[in-house]
Each structure stands twice: as C-alpha cells, then as structure tokens.
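Accompanying notes for the structure given below.
In my numbering, the protein residues as written are 10 to 195.
Set out below in structure tokens:
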C-alpha cells in the first residue's frame with residue numbers, strides 16, 4: 010500500500026494563492042471553519058495553517074485537503090473510526106506504520122501532515138492523478154466524487170479574490186477510463 014512511500018520524503022513546490030503562505034488563506038479559511046463547522050478560533054487557525062503548509066509541500070489543492078478533513082472527521086481532531094482510523098484525516102496507523110511511528114495523530118498539524126503525505130504518495134503512485142489518489146485514500150470512486158464536490162464547495166466559499174480552481178475535477182485519468190478502486194486504506 011505504501012509503494013509510493015519513498016516519494017513522500019521530497020516536497021514538490023505548490024502553486025496557487027492558498028499555497029503562498031498562511032497569510033494568503035488564514036483569514037477566509039479560519040472564518041469559514043468557525044462559521045460552517047463550529048471550530049474554535051485557535052483550532053481553526055491551526056488547521057488553516059497546517060493545510061496551507063501541507064498543500065504547499067505536496068502540491069495538493071487546499072480545498073481537497075479541507076474536503077477530506079470535513080468528510081472524515083467534521084474537523085474533530087480526536088475522531089476515531091474503523092480500523093483504528095484517527096484524527097482529522099482519519100489516518101490508519103496499522104497501514105502506515107512508517108509514517109505514523111511515535112506520532113500523535115490527534116494533534117491537528119501532525120495528522121494533516123501525515124494524511125497529506127499519504128495522499129501525495131498515492132498520487133505519485135498514480136503518475137500524478139489526484140482522482141486515483143483520492144479513490145485509494147477513501148477506497149471508492151464514490152468517495153473521490155464526494156471529495157470533488159466538497160472541494161468545490163470549499164473553493165466557492167473561500168473564493169474572495171480569485172477565480173474558482175477546478176479542485177480535483179480536472180485530474181481524471183488521461184485515457185478517461187475507469188481504474189479499479191483500492192480497499193479503504195488511509
């Protein structure tokens with residue numbers, strides 16, 4: 010499952026307004042998390058900063074990371090799920106031992122960093138195809154579609170001075186074909 014793990018060590022520079030430092034997105038993301046999800050201001054700021062940093066490090070759209078967090082945990086950092094899935098991005102420690110070793114997955118910054126590294130590893134293993142990476146992260150095409158739709162909501166809600174980004178919708182496979190989904194293995 011971690012065939013792409015070696016690629017996780019190298020960060021790839023990101024592009025886009027939300028990847029240009031915490032200052033660029035801190036206000037609107039924080040405000041949206043407080044209003045829409047009832048996240049306390051300090052936690053909202055911490056999540057906003059962590060998403061911005063992970064987005065920049067792994068060239069992942071911030072809206073996709075926020076969408077995954079909202080679906081997986083509704084921004085509850087101590088969320089526990091099936092198979093020991095833990096934290097904001099519901100990382101499964103038994104599947105990702107190498108990344109999780111001695112890490113507190115209930116700490117938002119750590120969880121977002123590791124969850125983003127996992128998604129990035131899946132994307133690298135899929136030759137840069139974010140759609141395939143989202144399917145692997147969640148285990149199904151339906152999950153990837155749900156992430157795309159939620160990411161579009163985040164893009165619209167946070168779009169204060171830029172055109173809406175296509176989020177993950179434009180990252181379908183080059184041949185347009187359907188690829189087999191993997192088992193749920195965050």
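Where is the CB? At the ideal position from N, CA and C, for every residue including glycine.
- Only buried fits residue 157, as 16 or more other CB atoms lie within 10 angstroms of its CB.
- When rounded, the separation of the alpha-carbon atoms in residue 139 and residue 67 is 12 Å.
- Residue 162 is not a Cβ neighbour of residue 115, given a cutoff of 8 Å.
- Beta-carbon to beta-carbon, residue 159 and residue 56 are separated by about 15 Å, too far to satisfy the 8 Å threshold.
- Cβ contact annotation for residue 142 (same chain, cutoff 6 Å, sequence separation greater than five): 128, 131, 132, 135, in chain order.
- Rounded to the nearest whole angstrom, the C-alpha separation of residue 118 and residue 60 is 8 Å.
- Within the same chain, Cβ atoms closer than 7 Å to the Cβ of residue 99 are found at 81, 82, 88, 90, 195, the five residues on either side in sequence being excluded.
- Pairing residue 77 with residue 47 gives a Cβ-Cβ distance that is not under 8 Å.
- Counting other Cβ atoms within 10 Å of its Cβ, residue 164 reaches 16 or more and is therefore classed as buried.
- Per DSSP, the beta-bridge partners of residue 95 are 89, 100.
- In the displayed model, residue 73 falls within a helix according to three-state DSSP.
- In this structure, residue 167 sits near residue 37, with a CB-CB distance shorter than 8 Å.
- Annotated three-state conformation of residue 84 is coil, per DSSP.
- The alpha carbon of residue 122 has as its nearest neighbour, out of 74, 45, 49, 43, the alpha carbon of 74.
- By the CB criterion at 8 Å, residue 97 and residue 126 fall outside the cutoff.
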